[in-house]
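Novice: Sharing a structure, written as structure tokens. Questions coming.
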Amino acid sequence: MDRGRGLRGGAGAVNRSIQERGTCDARALIGRVLQNRLAIALHDEAVTRSAQLPAAFRAQFVDGFSHAASKGLEIGSGQTGGTAALPPGLPPGVALPIGQLAHAVFANAFVDAARPTLLIPIGVLLAAALATVAVRSGKPATVAAEEEEEEPIAV
Numbered sequence: 023m024d025r026g027r028g029l030r031g032g033a034g035a036v037n038r039s040i041q042e043r044g045t046c047d048a049r050a051l052i053g054r055v056l057q058n059r060l061a062i063a064l065h066d067e068a069v070t071r072s073a074q075l076p077a078a079f080r081a082q083f084v085d086g087f088s089h090a091a092s093k094g095l096e097i098g099s100g101q102t103g104g105t106a107a108l109p110p111g112l113p114p115g116v117a118l119p120i121g122q123l124a125h126a127v128f129a130n131a132f133v134d135a136a137r138p139t140l141l142i143p144i145g146v147l148l149a150a151a152l153a154t155v156a157v158r159s160g161k162p163a164t165v166a167a168e169e170e171e172e173e174p175i176a177v
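Residues in the sequence shown are numbered consecutively from 23, following the working numbering.
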């Protein structure tokens, strides 16, 4: 009777559960790092690009991006970025450049925030590759098992 057969299903279930937990933890970590880096990058990028606006609108422009993370960002496919909107009564000659500048601020800040965030999965993949090389550098288990079976049995 092969006792290992009955344990294989349970071991597979445990393995899948561990993988799912690791995936959830990794997504949470990557999301937190991206959110943190994006909040910082939005402020920095807004400060840098606000010089292109009339002086009367600079402080409000920077303030809008500085507090964006505290209100929650809605980014992704079909999202508008949150609840922030241009103040009513802006002259058309100012509203269009502010909208274009806001887009440039977000696009550049997101790219800046994504770079360090991508280092996390790259590091995990490198660690997994090194672990695989370390495990495989020894004698394969099938060869060791065959050598044990070929030894003559003393009678």
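Glycine residues also receive a C-beta, built at the ideal position from the N, C-alpha and C atoms.
How about residue 71 and residue 127: are their beta carbons less than 8 Å apart?
Specialist: Walking along the sequence shown from the start, residue 71 turns up at place 49. Walking along the sequence shown from the start, residue 127 turns up at place 105. Closer than 8 Å, so yes.
Novice: Could you tell me whether any Cβ in chain B is nearer than 8 Å to the Cβ of residue 143?
Specialist: Here there is only one protein chain, and chain B is not present.
Novice: Along the chain, where does the alpha helix (DSSP H) that runs through residue 88 open and close?
Specialist: Working through the sequence shown from its first residue, we reach residue 88 at position 66. Note, residue 88: alpha helix (DSSP H), 77-88.
Novice: Just the Cα atoms here: how many angstroms apart are residue 31 and residue 40?
Specialist: Position 9 of the sequence shown, counted from the first residue, corresponds to residue 31. Position 18 of the sequence shown, counted from the first residue, corresponds to residue 40. Cα to Cα, the separation comes out at about 14 Å.
Novice: Tell me, please, whether the stretch 128-139 touches the stretch 51-64 by the rule of three or more beta-carbon pairs shorter than 8 Å.
Specialist: The answer is yes - the stretch 51-64 touches the stretch 128-139, with three or more Cβ pairs under 8 Å.
Novice: Taking the alpha-carbon positions, what's the residue 113 to residue 86 distance?
Specialist: Within the sequence shown, numbered from 1, the residue matching residue 113 stands at position 91. Within the sequence shown, numbered from 1, the residue matching residue 86 stands at position 64. Looking at the two C-alpha atoms, the distance is approximately 18 Å.
Novice: Taking the runs of the alpha helix (DSSP H) that are 4 residues or longer, which of them lie wholly in the stretch 107-164?
Specialist: Qualifying alpha helix (DSSP H) stretches, in chain order: 114-158.
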